[in-house]
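Single-structure report; data block below.
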Amino acid sequence: MDELDQQLLRYLTRDSRLPVASLASATGVSRATVKSRIDRLVETGMIKAFTIETGAGFRAATVRAFVQVEVTGRMADRVTQQLLRIAEVETVHSTNGRWDLIAELEASDLRSFDEVLRQIRLIDGVNLTESNILLSSRRSAVL
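Sequential numbering from 1 applies to the sequence shown in UniProt numbering.
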């Protein structure tokens with residue numbers, strides 16, 4: 001993967017609907033080159049899917065949060081697998097520093113969020129948690 005592939009992935013990660021012509025203009029190569037590179041990124045599995053991100057209005061009735069998790073001993077892999085079995089948990093990140101794992105989750109309301117926290121705290125190997133509810137999110141401009 002070269003610099004052009006990395007640029008294309010950065011742009012498409014922010015907006016998967018960017019037209020090939022816009023990508024060509026932004027990267028300084030031809031549309032044919034952009035098209036062939038994207039096709040190759042798909043074929044090699046570097047791009048698994050083109051998807052959408054819903055707007056704030058769609059998620060108005062949800063609670064999004066990061067839950068930092070301290071794991072007992074060497075149980076991070078087991079705890080990660082258990083976290084991923086909880087429907088509201090979207091992603092689990094392993095980290096360095098104070099927390100071993102960070103779970104990204106979305107619950108329908110605060111009551112559901114509280115129940116998810118209860119489930120997380122009951123997982124064998126979870127020693128301590130700290131939660132941060134997301135109030136707003138912003139992304140950088142694409143082009």
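In this text, a Cβ means the ideal position worked out from N, Cα and C, and glycines have one as well.
Cβ-based burial, residue i [other Cβ within 10 Å; buried from 16]
i, result
"Arg-37", "buried"
"Ile-123", "buried"
"Asp-100", "buried"
"Leu-105", "buried"
Pair within 8 Å by beta-carbon distance, residue i and residue j
i, j, result
"Val-79", "Leu-117", "no"
"Ala-107", "Glu-90", "no"
"His-93", "Ile-102", "yes"
"Ile-133", "Leu-83", "no"
"Leu-41", "Leu-9", "yes"
Distance between beta carbons of residue j and residue i, contact taken as under 8 Å
i, j, result
"Leu-110", "Val-63", "6 Å"
"Gly-125", "Val-71", "5 Å"
"Ala-76", "Phe-113", "Not really, about 23 Å apart at Cβ, beyond 8 Å."
"Arg-139", "Arg-14", "6 Å"
Residue(s) in a DSSP beta bridge with residue i
i, result
"Ala-26", "Ala-26 pairs with nothing; no bridge assigned."
Limits of the unbroken alpha helix (DSSP H) element including residue i
i, result
"Phe-66", "That residue, Phe-66, is in no alpha helix (DSSP H); its beta strand (DSSP E) goes 63 to 71."
"Thr-129", "Taken as a continuous stretch (DSSP letters only), Thr-129 belongs to no alpha helix (DSSP H), being part of the beta strand (DSSP E) at 126 to 133."
Opening and closing residue of the beta strand (DSSP E) in which residue i lies
i, result
"Ile-120", "Premise fails: Ile-120 lies in the alpha helix (DSSP H), 110 to 121, not in any beta strand (DSSP E)."
"Thr-91", "89 to 94"
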